[in-house]
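Peer 1: Be aware that the sequence shown starts at 52, since it is given in my numbering, and climbs by one per residue.
Submitted below is the structure of interest, expressed as C-alpha cells.
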Amino acid sequence: MTSRYKDVYREWQTDPLAFWAHAAVAIDWFKPWDKVFDAEQGPYGRWYAGAQCNTCHNAVDRHVEQGRADQPALIYDSAVTGTQRRITYAELLDEVNALAAVLIDKGVGKGDRVIIYMAMVPEAIVAMLACARIGAVHSVVFGGFAAHELATRIDDAKPVMIIATSCGLEPGRVVAYKPMLDKAIEQAAHKVGTCLILVRPQQPHELVADRDFDYADAVAAARGRKVPCAVVEATDPLYILYTSGTTGQPKGVVRDNGGHLVALAWSMGAIYDTKPGEVFWAASDIGWAVGHSYIAYAPLFIGATSIIYEGKPVGTPDAGAFWRVISEHKVKVLFTAPTAFRAIKKEDPKGEFIARYDLSSLKYLFLAGERADTDTIKWAEEKLGVPVIDHWWQTESGWPMAANPAGLGMLPVKYGSPTVPMPGYDIQVLDDAGHPVKRGDLGNIVVKLPLPPSCLPTLWNADKRFCEAYTSEFPGYYKTADAGIVDEEGYVYIMSRTDDIINVAGHRLSTGAMEEVLSSHPDVAECAVIGIADHLKGQVPCGFIVLKSGVTRAESDIEQDCVVLIRERIGPIAAFKLAITAKRLPKTRSGKILRGTMQKIADQEPWNMPATIDDPAILDEIIVVLEARGIGRK
Numbered sequence: 052m053t054s055r056y057k058d059v060y061r062e063w064q065t066d067p068l069a070f071w072a073h074a075a076v077a078i079d080w081f082k083p084w085d086k087v088f089d090a091e092q093g094p095y096g097r098w099y100a101g102a103q104c105n106t107c108h109n110a111v112d113r114h115v116e117q118g119r120a121d122q123p124a125l126i127y128d129s130a131v132t133g134t135q136r137r138i139t140y141a142e143l144l145d146e147v148n149a150l151a152a153v154l155i156d157k158g159v160g161k162g163d164r165v166i167i168y169m170a171m172v173p174e175a176i177v178a179m180l181a182c183a184r185i186g187a188v189h190s191v192v193f194g195g196f197a198a199h200e201l202a203t204r205i206d207d208a209k210p211v212m213i214i215a216t217s218c219g220l221e222p223g224r225v226v227a228y229k230p231m232l233d234k235a236i237e238q239a240a241h242k243v244g245t246c247l248i249l250v251r252p253q254q255p256h257e258l259v260a261d262r263d264f265d266y267a268d269a270v271a272a273a274r275g276r277k278v279p280c281a282v283v284e285a286t287d288p289l290y291i292l293y294t295s296g297t298t299g300q301p302k303g304v305v306r307d308n309g310g311h312l313v314a315l316a317w318s319m320g321a322i323y324d325t326k327p328g329e330v331f332w333a334a335s336d337i338g339w340a341v342g343h344s345y346i347a348y349a350p351l352f353i354g355a356t357s358i359i360y361e362g363k364p365v366g367t368p369d370a371g372a373f374w375r376v377i378s379e380h381k382v383k384v385l386f387t388a389p390t391a392f393r394a395i396k397k398e399d400p401k402g403e404f405i406a407r408y409d410l411s412s413l414k415y416l417f418l419a420g421e422r423a424d425t426d427t428i429k430w431a432e433e434k435l436g437v438p439v440i441d442h443w444w445q446t447e448s449g450w451p452m453a454a455n456p457a458g459l460g461m462l463p464v465k466y467g468s469p470t471v472p473m474p475g476y477d478i479q480v481l482d483d484a485g486h487p488v489k490r491g492d493l494g495n496i497v498v499k500l501p502l503p504p505s506c507l508p509t510l511w512n513a514d515k516r517f518c519e520a521y522t523s524e525f526p527g528y529y530k531t532a533d534a535g536i537v538d539e540e541g542y543v544y545i546m547s548r549t550d551d552i553i554n555v556a557g558h559r560l561s562t563g564a565m566e567e568v569l570s571s572h573p574d575v576a577e578c579a580v581i582g583i584a585d586h587l588k589g590q591v592p593c594g595f596i597v598l599k600s601g602v603t604r605a606e607s608d609i610e611q612d613c614v615v616l617i618r619e620r621i622g623p624i625a626a627f628k629l630a631i632t633a634k635r636l637p638k639t640r641s642g643k644i645l646r647g648t649m650q651k652i653a654d655q656e657p658w659n660m661p662a663t664i665d666d667p668a669i670l671d672e673i674i675v676v677l678e679a680r681g682i683g684r685k
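The structure is reproduced here in C-alpha cells:
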C-alpha cells in the first residue's frame, strides 16, 4: 500500500484551517464554531472558538443512538484478581448517567473540579465521563501517589469533590489509597467537603462521617436516572492533568473539549488504523496522558472497544500476560511503553510464551513514553510478526507529534526514529541561540506555533508560567525540552531530554545514542546512561546495564564488552569507560527511567525521592552499586 502521508501532510501545510475544519466533521457539535482558530485567545490562540459540544455525548450517547448499544465499549481485565467484565455502550451510558446524577445531587456543577484518585477499574472511566457529561473538570491523580503529591494537586485544582478507590492492587500487594487520601485532605489548605469512595473487598476502609459516601451505594440509588449532556464551549477545559515541574510545583496541563475531540478521533483512523467496533488496547494507566487519550477517550470517540487492564506485563502471572489478553479479547492494536517489552524480553528472551496464544487478531504494536531501542523493536518484530511502530508525544500534546501513520499507509521504517511529524506539527531543530541547525545536526526539538488541536492551550490558572515553560526561550515555537535531529528525508530522531545532553570536554553528546549502542549487546535487557561530574572533562558518561535472565557470563566481561562497543560505534570522544551492572533500574510508574535522580546521587547533589517512583528500594540498590565503584560516597 502506497502511503498517503505526504499528500495529507501537504494538505495540512497548504491550509491548516481547512484541514482541521474537515477533520471536525467527524464530531457532533451543538453549535458550529465562529472561527476554526482564534489567534486572539489564550497564550497562542484557541481552536473551534464559539463552538459548543459535549465530550461524553460524543464518547457514549451518539454510539447508543447510532446502533452500537450492544457492542462492548469497555473490557475490564484484571490479571491481579482474575476477573473480567464487558460493558456495552448502553450499559456504560446507564452507569455514567447514574454517577452524573450523584455528582449533581452532591453539588458538583459546570466548571467545578473533581479529582479522581482511582485504581485501574471501569468506574474510573465512568467518573471521567460523568464529569464531562455535566461540564465539570476532572483531574485524575495517579492512584497511589503519596499524600503530599495529592495535596499539592488539591490546592492547585481546588476540587469540590474527590472520587477514589479504597486501594489499588499490585502483584503480591495491596496499596491502600484511603489513608493517603485522608492524609492529603488533612495537609491541603483547600478543604474538600465530599468524597465518593469505591470500596474494594481487598481493602475495606472506614468512611469519614458527613464527608465520605459509598460509591456503589450512591450509584445504585441513582441508577435509572437520566442526566442531559451539558452544553460546553469547545474552548472550556475538559480536564487538568498534572505533570512534574522543574520547580517541584506540578504543572496543570489543560485539555479543552473541542480540539481534544477532533484530534483524537482523527488519530484513531489515520495513525492507529482503528475502525469502529475494533478492539484497541493501550496498556497504560489512566493516571498518565496515554490512559486519558487512548484508554478513556479516543477509542470511544470513534465507537471502538477499549481495554482496561489491571496488571503488569510480567508477574501477573508470567511473561505471557499480554499475549493472553490479546488472544482472549481479539485485540487489533496494542499500545504500550518500550519498558514493558524490555521486561517481557528479559523474562522470556526466546519468546516461548508467544507461541502458546492465538495472536492472529493483532495487527500493530505501538510503542511510546520513552525512546524505543532498536534491539527491543527488532525482537518484537521478529517474535510477533507485525509492524512495530515507535511514536513520540508528550503529556502536553495529548496525541502523537511524530509517528508512522498506519492508517495512511506506513512509510519505510528507520530504526531509532519515530518517523515523521503528524499534520499539525511543524517540527524544527534549533541551536541554543534559536537558529535552525543543518539537517542531521543535533539541537533543540521545537514545534512552530500554533500547536494543533488537543495540545495544551495553557496551564491551569497559569498563562504566565505556560509562556515561561514552553514559549519564551524560542519565541514563536513550543519548546519540547527534547533534543534530537531531523534527517534529510524529514525523519525525526529524539535522542534525549535536553537536560540529558552531556558535555564531555566541550563535546555535546547524546546519552540516548549511547543507550542505543548498549542495548544492542545480546546480554543486555535494558540500560541507562547518565553524565557524572568529572573534574577534568566536565562530565563523563556512566552506563547502567541490566542483564537478561539466564545470562551466565561474568558481569565484568559484559561490562568490558559495553565499553568496547561504545568506543567502536561512537568513538573515543565519548570517553565511555564505566559500565555498571544493576539488578534493576529505578523507574516511574509509567516506566520512565529516573536518570536525573541517578545523576544527582552519583554527583553527591541533594535529591528528593521522586513522587512517581515505582519502587523506592531500587534507588538504595543503585547507591550500593555506585559506592562499590567509589562513586557517590559522602
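C-beta: ideal position from N, C-alpha, C; glycine also.
Quick check for students: name the residue ranges of the alpha helix (DSSP H) that lie wholly in the segment 139 to 208, counting only runs of 4 or more.
Peer 2: Listed in chain order, the complete alpha helix (DSSP H) runs (minimum 4 residues) inside the segment 139 to 208 are 140 to 156, 173 to 185, 198 to 208.
Peer 1: Which one of D654, T509, P503, G683 has the shortest CA to CA distance from Y293?
Peer 2: Residue numbering aside, residue 293 sits at position 242 when the sequence shown is read from its first letter. Taking only the C-alpha atoms, the option nearest Y293 is T509.
Peer 1: Quick check: the segment 343 to 362 against the segment 317 to 334, are there 3 or more CB pairs under 8 Å?
Peer 2: Touching, yes, given that three or more Cβ pairs across the two stretches are closer than 8 Å.
Peer 1: Which residue marks the beginning of the beta strand (DSSP E) containing K489, and which one marks its end?
Peer 2: Residue mapping note: residue 489 aligns to position 438 of the sequence shown, counting from 1. Unbroken run through K489: none, as it is neither H nor E.
Peer 1: Using beta-carbon positions only, say whether A215 and M169 come within less than 8 Å of one another.
Peer 2: Position 164 of the sequence shown, counted from the start, is the residue given in the question as residue 215. Position 118 of the sequence shown, counted from the start, is the residue given in the question as residue 169. Yes, they are a contact pair.
Peer 1: Grouping DSSP H, G and I as helix and E and B as strand, with all else coil, what is A564?
Peer 2: By 1-based counting over the sequence shown, the position of residue 564 is 513. Here A564 sits in helix by DSSP.
Peer 1: Report the partner residues of N308 according to the DSSP bridge assignment.
Peer 2: If you number the sequence shown from 1, residue 308 lands on position 257. Answer is none; N308 lacks a bridge partner.
Peer 1: Considering Cα atoms alone, identify which of H108, K86, P123, N109 is closest to G757.
Peer 2: Outside the shown range of the chain (52 to 685) lies residue 757, about which nothing can therefore be said.
Peer 1: What's the gap between the Cα of G162 and the Cα of I624?
Peer 2: For the purposes of this step, residue 162 is identified with residue 111 of the sequence shown, where counting begins at 1. For the purposes of this step, residue 624 is identified with residue 573 of the sequence shown, where counting begins at 1. Using only the alpha carbons, I get a separation of about 55 Å.
Peer 1: Roughly how many angstroms separate the alpha carbons of L560 and S571, rounded to a whole number?
Peer 2: Locating residue 560 in the sequence shown gives position 509, where the first residue counts as 1. Locating residue 571 in the sequence shown gives position 520, where the first residue counts as 1. If I take the Cα positions, the gap works out to 19 Å.
Peer 1: In its own chain, which residues sit with a C-beta less than 7 Å from the C-beta of G194, not counting the 5 before and 5 after it?
Peer 2: Here the question's residue 194 lines up with position 143 in the sequence shown. Cβ neighbours of G194 beyond the five flanking positions: Y168, M169, A170, T216, G219, Y228, G338.
Peer 1: If I measure Cβ to Cβ from T298 and keep anything under 6 Å in the same chain, skipping five residues before and after, which residues do I get?
Peer 2: As a first step, residue 298 is located in the sequence shown; it is residue number 247 there, counting from the start. The pLDDT assigned to T298 is 47, lower than 50, so where the model puts this residue is not dependable; a value taken from the coordinates is nonetheless given after this. Around T298: no qualifying Cβ.
Peer 1: Where L677 and I596 are concerned, what is the direct C-alpha to C-alpha distance, given to the nearest angstrom?
Peer 2: Translated into positions along the sequence shown, residue 677 becomes position 626. Translated into positions along the sequence shown, residue 596 becomes position 545. Cα to Cα, the separation comes out at about 13 Å.
Peer 1: In the structure shown, what three-state DSSP assignment does R136 receive?
Peer 2: In the sequence shown, residue 136 corresponds to position 85, counting from 1. Residue state, collapsed to three classes: strand.
Peer 1: How close, in whole Å, do the beta carbons of F373 and P364 come, if the pair is a contact with beta carbons under 8 Å?
Peer 2: As a working note, residue 373 is residue 322 in the sequence shown. As a working note, residue 364 is residue 313 in the sequence shown. About 6 Å; that satisfies the 8 Å criterion.
Peer 1: Could you have a look at T298 and say whether DSSP puts it in helix, strand or coil?
Peer 2: Here residue 298 is taken as the residue at index 247 of the sequence shown, counted from 1. Model confidence at T298 stands at a pLDDT of 47, short of 50, so the residue's coordinates are unreliable and nothing is read from them.
Peer 1: Mapping DSSP to helix, strand and coil, what is P350?
Peer 2: Locating residue 350 in the sequence shown gives position 299, where the first residue counts as 1. Helix, per DSSP.
Peer 1: Distance check for A208 and A240, CA to CA, integer angstroms please.
Peer 2: On the sequence shown, position 189 is the one that residue 240 refers to. On the sequence shown, position 157 is the one that residue 208 refers to. Approximately 12 Å between the Cα atoms of the pair.
Peer 1: Can you have a look at A454 and say buried or exposed, based on whether 16 or more other CB atoms are within 10 angstroms of its CB?
Peer 2: By 1-based counting over the sequence shown, the position of residue 454 is 403. With 16 or more Cβ atoms within 10 Å of its Cβ, A454 is classed as buried.
Peer 1: Are there 16 or more other CB atoms within 10 angstroms of the CB of Q135, so buried, or fewer, so exposed?
Peer 2: Against the sequence shown, residue 135 aligns to sequence position 84. Exposed, because fewer than 16 other Cβ atoms sit within 10 Å of the Cβ of Q135.
Peer 1: Could you tell me whether the segment 624 to 633 touches the segment 584 to 603, where touching means 3 or more Cβ pairs closer than 8 Å?
Peer 2: Enough Cβ pairs lie closer than 8 Å, so yes.
Peer 1: Run through the segment 59 to 111 for me and flag every whole beta strand (DSSP E) of 3 or more residues, listed as ranges in chain order.
Peer 2: Taking only runs of at least 3 residues, the beta strand (DSSP E) segments lying wholly in the segment 59 to 111 are 86 to 89, 97 to 100.
Peer 1: Can you tell which of A130, K465, A178 has the C-alpha that lies nearest to the C-alpha of L144?
Peer 2: Working through the sequence shown from its first residue, we reach residue 144 at position 93. Checked all of A130, K465, A178; the closest Cα to L144 is A178.
Peer 1: Have a look at D324 and K465 and give me their C-alpha separation to the nearest angstrom.
Peer 2: Start at 1 with the first residue of the sequence shown, and residue 324 comes out as number 273. Start at 1 with the first residue of the sequence shown, and residue 465 comes out as number 414. Cα to Cα, D324 sits roughly 20 Å from K465.
Peer 1: Under the three-state reduction of DSSP, which class applies to Q655: helix, strand or coil?
Peer 2: Walking along the sequence shown from the start, residue 655 turns up at place 604. Three-state DSSP puts Q655 in coil, outside helix and strand.
Peer 1: Would you decide whether P472 is buried or exposed? Buried here means 16 or more other CB atoms lie within 10 Å of its CB.
Peer 2: Here residue 472 refers to the residue found at position 421 when the sequence shown is read from its first residue. By the neighbour-count rule (16 or more Cβ atoms within 10 Å), P472 is buried.
Peer 1: Just the Cα atoms here: how many angstroms apart are L500 and V225?
Peer 2: Counted from its first residue, the sequence shown places residue 500 at position 449. Counted from its first residue, the sequence shown places residue 225 at position 174. Their backbone Cα atoms lie some 45 Å apart in a straight line.
Peer 1: Run the CB neighbour count on H199, radius 10 Å, all protein chains shown included, and call it buried at 16 or more, exposed below.
Peer 2: Along the sequence shown, read from residue 1 onward, the residue named residue 199 stands at position 148. Classification of H199: exposed, given that the 10 Å Cβ count is below 16.
Peer 1: Only counting the same chain, and skipping five residues up and downstream in sequence, which positions put a Cβ closer than 6 Å to that of G186?
Peer 2: Numbered from its first residue, the sequence shown carries residue 186 at position 135. Closer than 6 Å at the Cβ level, and outside the excluded window around G186, lie K161, A281, V283.
Peer 1: Touching or not, the segment 398 to 416 and the segment 427 to 447, by the rule of three or more beta carbon pairs under 8 Å?
Peer 2: Result yes; three or more Cβ-Cβ pairs closer than 8 Å.
Peer 1: Taking the alpha carbon of T425 as the point to measure from, which residue in A271, G118, W71, P573 has its own alpha carbon closest?
Peer 2: Reading the sequence shown from its first residue, position 374 is the one you call residue 425. If we check each option's Cα against that of T425, P573 comes out closest.
Peer 1: Which residues in the same chain as A431 place their Cβ atom closer than 7 Å to its Cβ, once the five residues preceding and following it in sequence are excluded?
Peer 2: Counting from one through the sequence shown, the residue named residue 431 turns up at place 380. So the list reads F392, L416, V439, once near-sequence residues are dropped.
Peer 1: Below 8 Å between beta carbons: does that hold for I248 and P210?
Peer 2: The count along the sequence shown starts at 1 and reaches residue 248 at position 197. The count along the sequence shown starts at 1 and reaches residue 210 at position 159. The answer is no: Cβ separation not under 8 Å.
Peer 1: For the putative contact between L493 and Y529, defined by C-beta atoms under 8 Å, what is the C-beta separation to the nearest angstrom?
Peer 2: Mapped onto the sequence shown, residue 493 falls at position 442. Mapped onto the sequence shown, residue 529 falls at position 478. With 8 Å as the limit, L493 and Y529 do not qualify as a contact, their Cβ atoms being about 19 Å apart.
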